[in-house]
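Scroll down for the structure; my scribbles are underneath it.
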Amino acid sequence: MTQLRSHLFALVERLNRFHKRFVLVLVDALLAPLSLLVTVMLVYASFFPAQAVVELWHIFLVLAVVAPLQSIALGIQNIKLKAYESLAILRTGAFAALLAISLYAICRETSEPFPLVGIALFGLIFFLSSVGLRLAMLNVYLWVLRWGHRRWRVLIYGAGTTGIQLAAALKSHDSVVVVAFLDDNIALQSMTVAGLRVLSPDRIEHIVQERDIDRVLLAMPSTSAPKQAQIARRLQSLGLDVLALPSFAQLVGAEALVDNLTPVEPGQFLGRKPMDDTPTDGMAAYCGRSILVTGAGGTIGSELCRQLLSYSPRKLVLFEVSEIALYDIDRELRARPDLGPTEIIPLLASVTDSRATRSAMSDHTIEVVLHAAAYKHVPLVEANPIAGMSNNVLGTRTLADAADEAGVERFILISTDKAVRPTNVMGASKRLAELVIQDLSKRSRQTVFSMVRFGNVLGSSGSVVPLFKEQIAKGGPITLTHDDVTRYFMTIAEAVKLVLLAGSFSQPAAHSGGPSGGDVFVLDMGKPMRIRDLAEQMIQAAGYTVRDPDHPDGDIEIKMIGLRPGEKMHEELLIGEGLLTTPHAKILRAREVSLTELDMAKALQSLRNAMATGDALAARAVAAAYVEGFGGATISDDLGFEAEKMLPKA
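In my numbering, the protein residues as written are 10 to 659.
Right, here's the structure in full:
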């Protein structure tokens with residue numbers, strides 16, 4: 010059998026399209042007289058009616074010629090065996106009817122006494138034998154082609170119209186075997202559809218093992234994307250490949266493709282009107298200047314660079330520690346039509362590198378520094394306090410010292426509302442960075458130091474909007490830390506616009522009419538927003554519904570996972586009392602107490618010692634001693650100093 014199969018496979022492989030058509034025409038030429046012979050045997054009720062065959066011999070010959078000619082005329086030989094389905098069978102029926110009419114005409118012309126019932130029977134026999142023979146040839150052809158090849162055993166999830174059409178399309182595939190249907194509809198389970206059993210998805214593990222399934226095809230185009238994603242994840246957990254396809258009507262454009270996960274515009278969830286995008290006053294601080302942006306490849310840093318180009322700086326230095334992020338923003342900015350005469354300088358370096366920061370300031374005659382580089386993801390910094398403190402605090406001091414030594418005009422620190430009475434290391438490190446800037450602002454004779462503090466930015470990396478969108482795309486659940494958690498929100502474009510404007514407000518103390526350096530600017534972010542409300546809005550905006558006990562048939566579940574280490578229920582924007590106005594209604598100035606020069610020096614020295622020894626507990630202790638509201642570590646004599654000695658004196 011193996012040898013026969015091998016020979017047949019070699020023969021099939023050698024056949025070209027012309028040879029295959031010739032074989033099909035030859036089949037029709039032989040099948041017509043054979044069908045007439047069977048008809049004669051039935052009409053004359055004889056196993057071999059010799060006399061009738063002798064009388065009709067010329068008709069046999071004529072049919073052997075007419076049949077292939079009609080087959081060629083109708084294009085029967087052009088129908089591939091692998092594509093032999095309902096329409097091809099109808100064409101074969103027309104061929105059989107035409108051949109029967111031809112037989113009637115021949116009998117009339119030759120005056121041969123052949124009954125009409127025999128002619129009708131001939132047409133039926135020819136039709137059945139032609140269809141049957143072609144299907145048999147197809148099975149033999151597939152049997153030969155499948156020899157020595159891996160055959161994928163698949164299940165089709167969904168026994169509806171699309172599933173049935175898919176099963177029909179795959180039946181003639183030489184490397185795919187459709188084993189059965191899966192369907193959630195109880196009424197269909199245990200039935201046979203398109204020759205295949207419909208099984209329950211509840212028995213999927215048993216079915217996979219028993220029938221050696223490799224892959225599952227989701228044929229449920231009308232089912233929502235989240236539910237398809239939930240089914241796919243369950244199947245993938247069993248080690249199966251899962252593929253989904255639209256309906257055939259959708260493929261040809263008769264129905265709309267189901268794709269509710271359209272791009273989400275973060276600003277639509279603010280619950281307020283966005284800011285006006287027109288340029289504002291005060292941007293003379295950036296026009297024609299040499300500007301350095303740290304963290305230039307990050308969410309905030311990259312938007313700072315984009316907006317700065319609108320004010321035609323002389324030089325824009327992109328300071329970034331991530332190679333791929335620097336490459337992306339450098340390429341994007343150089344391709345912008347509003348680049349103008351601005352010179353773009355990409356620098357691959359860390360703010361903790363003193364040599365790199367000093368070289369950047371001196372080599373490019375920096376006049377303005379926008380410091381957006383920071384480790385900002387709360388759980389990651391909580392788990393890596395040494396790296397977080399080193400980058401956010403000591404990196405800020407290194408960069409600020411370099412700016413002061415180079416005589417930079419303005420230094421603007423991008424801060425966060427998490428720096429206000431922080432409960433996590435990230436927030437504490439940002440508050441220490443603020444204290445560093447406040448300390449330097451008192452002693453610098455040339456550089457005006459300031460900082461801008463704002464809340465969460467919608468759509469930034471690691472923020473809830475892209476996270477929720479990803480979770481919705483996977484079918485949920487959306488994970489929330491607590492049902493009542495609130496946050497302040499602003500779009501990236503709004504935040505950056507106000508940062509640039511606030512940075513232009515700070516003036517040297519001798520400058521009349523303006524605040525002195527060391528200002529803490531706070532952006533008016535409106536009312537805090539409940540995160541659960543945001544999650545529900547995003548689910549609805551994607552075209553889905555929330556699944557909960559009251560709505561068990563909803564698409565996406567919202568699941569509570571508990572507050573993460575160091576996470577607050579509600580964020581604040583102020584440490585002290587009261588706010589002062591500025592020339593812009595959305596920008597306010599905070600009055601906040603800073604450390605003395607001695608306390609700042611002690612804090613930095615203690616922090617450097619902790620960094621040098623890799624002592625995370627000591628690093629937390631420094632933050633606990635100098636940052637109001639932070640209690641991230643228990644300070645003991647084992648750290649080498651006492652808590653009372655670390656705290657700033659009144």
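Glycine included, every Cβ here is placed at the ideal spot set by N, Cα and C.
If you're wondering where the values come from, they're calculated on a predicted model, not measured in any experiment.
Burial state of residue i, where buried means 16 or more other Cβ atoms lie within 10 Å
{"i": "residue 507", "result": "buried"}
{"i": "residue 194", "result": "exposed"}
{"i": "residue 480", "result": "buried"}
{"i": "residue 296", "result": "exposed"}
{"i": "residue 27", "result": "exposed"}
{"i": "residue 374", "result": "exposed"}
{"i": "residue 117", "result": "exposed"}
{"i": "residue 568", "result": "exposed"}
{"i": "residue 312", "result": "buried"}
{"i": "residue 649", "result": "For residue 649, the predicted model reports a pLDDT of 36, less than 50, meaning its position is unreliable and no value from the coordinates is stated."}
{"i": "residue 494", "result": "buried"}
{"i": "residue 246", "result": "exposed"}
{"i": "residue 229", "result": "buried"}
{"i": "residue 640", "result": "exposed"}
{"i": "residue 120", "result": "exposed"}
{"i": "residue 614", "result": "exposed"}
{"i": "residue 219", "result": "exposed"}
{"i": "residue 199", "result": "exposed"}
{"i": "residue 621", "result": "exposed"}
{"i": "residue 167", "result": "buried"}
{"i": "residue 447", "result": "buried"}
{"i": "residue 452", "result": "exposed"}
{"i": "residue 404", "result": "buried"}
{"i": "residue 77", "result": "buried"}
{"i": "residue 376", "result": "buried"}
{"i": "residue 605", "result": "exposed"}
{"i": "residue 562", "result": "exposed"}
Anticipated Cβ contact below 8 Å, residue i with residue j, distance rounded
{"i": "residue 462", "j": "residue 428", "result": "7 Å"}
{"i": "residue 322", "j": "residue 340", "result": "In fact, because the Cβ distance is near 19 Å, the residues do not count as touching under 8 Å."}
{"i": "residue 629", "j": "residue 394", "result": "6 Å"}
{"i": "residue 379", "j": "residue 302", "result": "5 Å"}
{"i": "residue 226", "j": "residue 165", "result": "5 Å"}
{"i": "residue 309", "j": "residue 423", "result": "6 Å"}
{"i": "residue 370", "j": "residue 409", "result": "With 8 Å as the limit, residue 370 and residue 409 do not qualify as a contact, their Cβ atoms being about 11 Å apart."}
{"i": "residue 638", "j": "residue 430", "result": "3 Å"}
{"i": "residue 384", "j": "residue 460", "result": "Rounded, the Cβ-Cβ distance is 17 Å, inconsistent with contact."}
{"i": "residue 187", "j": "residue 176", "result": "5 Å"}
{"i": "residue 504", "j": "residue 419", "result": "With 8 Å as the limit, residue 504 and residue 419 do not qualify as a contact, their Cβ atoms being about 18 Å apart."}
{"i": "residue 304", "j": "residue 381", "result": "4 Å"}
Proximity winner among the options, relative to residue i (alpha-carbon distances)
{"i": "residue 634", "options": "623, 567, 609, 540", "result": "609"}
{"i": "residue 488", "options": "165, 136, 362, 571", "result": "571"}
{"i": "residue 217", "options": "172, 169, 163", "result": "163"}
{"i": "residue 145", "options": "416, 33, 190, 316", "result": "33"}
{"i": "residue 236", "options": "130, 485, 603", "result": "485"}
{"i": "residue 600", "options": "616, 549, 530", "result": "530"}
{"i": "residue 513", "options": "384, 528, 430, 292", "result": "292"}
{"i": "residue 101", "options": "459, 125, 133, 491", "result": "133"}
{"i": "residue 597", "options": "178, 515, 565, 540", "result": "515"}
{"i": "residue 123", "options": "191, 620, 48", "result": "48"}
{"i": "residue 415", "options": "368, 555, 113, 111", "result": "368"}
{"i": "residue 31", "options": "84, 104, 45, 501", "result": "84"}
{"i": "residue 399", "options": "442, 420, 411", "result": "442"}
{"i": "residue 636", "options": "52, 543, 433", "result": "433"}
{"i": "residue 397", "options": "419, 365, 426, 360", "result": "360"}
{"i": "residue 476", "options": "502, 544, 316", "result": "544"}
{"i": "residue 213", "options": "232, 560, 191, 197", "result": "191"}
{"i": "residue 115", "options": "74, 564, 138, 139", "result": "74"}
Proximity test, residue i beta-carbon vs the ligand ZN heavy atom, cut-off 6 Å
{"i": "residue 549", "result": "Ligands displayed in this structure: none; no statement on the ligand ZN is therefore possible."}
| query | Are there three or more Cβ pairs, one per stretch, closer than 8 Å when the region 339-347 is compared with the region 379-388? | reply | Verdict: no, contact absent.
| message | Suppose only complete runs of 4+ residues qualify. What are the alpha helix (DSSP H) ranges in the region 604-642, listed by chain order? | response | 606-622, 625-635
| field | Cβ contact (3+ pairs, closer than 8 Å) linking the region 332-339 and the region 349-363 | value | yes
| request: For the region 33-50 and the region 67-77, state whether three or more C-beta atom pairs, one from each stretch, are separated by less than 8 Å. | output: yes
| request: Return the chain-ordered ranges of every beta strand (DSSP E) run that is complete within the region 164-233 and spans a minimum of 3 residues. | output: Fully enclosed beta strand (DSSP E) runs of 3 or longer: 185-191, 205-208, 224-227.
| message | So within the region 338-389, which uninterrupted beta strand (DSSP E) runs reach at least 3 residues, ignoring any that extend past its ends? | response | 352-357, 377-380
| Which runs of the alpha helix (DSSP H), 4 residues or longer, sit entirely within the region 298-328? | 308-318
| message | Could you tell me which whole alpha helix (DSSP H) segments of length 4 or greater appear in the region 385-446? | response | 387-392, 394-398, 404-415
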